[in-house]
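Asker:
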Amino acid sequence: MKTNLENALVDLISSSPTNGTTEPKAITNARHWHNSCINESAIEEEGVDVILSFINKELGGWPVLLGDTWNDQHLTLIV
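In the working numbering, each residue carries its 1-based index in the sequence shown increased by 5.
1. Taking only the alpha-carbon atoms, compute the straight-line gap between Glu-51 and Thr-26 and give it to the nearest angstrom.
2. Given a cut-off of 7 angstroms, decide if Trp-67 and Ile-56 are closer than it, judged by their beta-carbon atoms.
3. Where does Glu-63 fall in DSSP's three states?
4. Alpha carbons only, please: which of Val-53, Pro-22, Asp-77 is nearest the one belonging to Thr-33?
5. For Glu-11, which of helix, strand or coil comes out of DSSP?
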């Protein structure tokens, strides 16, 4: 069953979107990131800048990537 589900997911995100339909944003994003991962020449050409930009803009950054430049002055541990 797990293999069937994995195969169905790969088929879904590997295929082109159906014309005239609106698909959930999660599917669109999964398709985009899947295609980005399998395009090795684009990965080599663009390097890590694309994923770093996404992490910073869409996810608000990731402190571990900033190394010594990370500033904990804006960190709030209490919610």
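Here a beta-carbon is modelled for each residue, glycine too, at the ideal position from N, C-alpha and C. Predicted model, so just to flag it, every value in this text is computed and none were measured.
Answerer: Result, derived from the coordinates:
1. If you number the sequence shown from 1, residue 51 lands on position 46. If you number the sequence shown from 1, residue 26 lands on position 21. If I take the Cα positions, the gap works out to 31 angstroms.
2. Position 51 of the sequence shown holds residue 56. Position 62 of the sequence shown holds residue 67. No, the pair does not count as a contact, with Cβ atoms beyond the cut-off.
3. Counting from one through the sequence shown, the residue named residue 63 turns up at place 58. Three-state DSSP puts Glu-63 in a helix.
4. In the sequence shown, the residue the question calls residue 33 occupies position 28. In this structure, Pro-22 is the residue among Val-53, Pro-22, Asp-77 with its C-alpha nearest to the C-alpha of Thr-33.
5. Locating residue 11 in the sequence shown gives position 6, where the first residue counts as 1. Helix.
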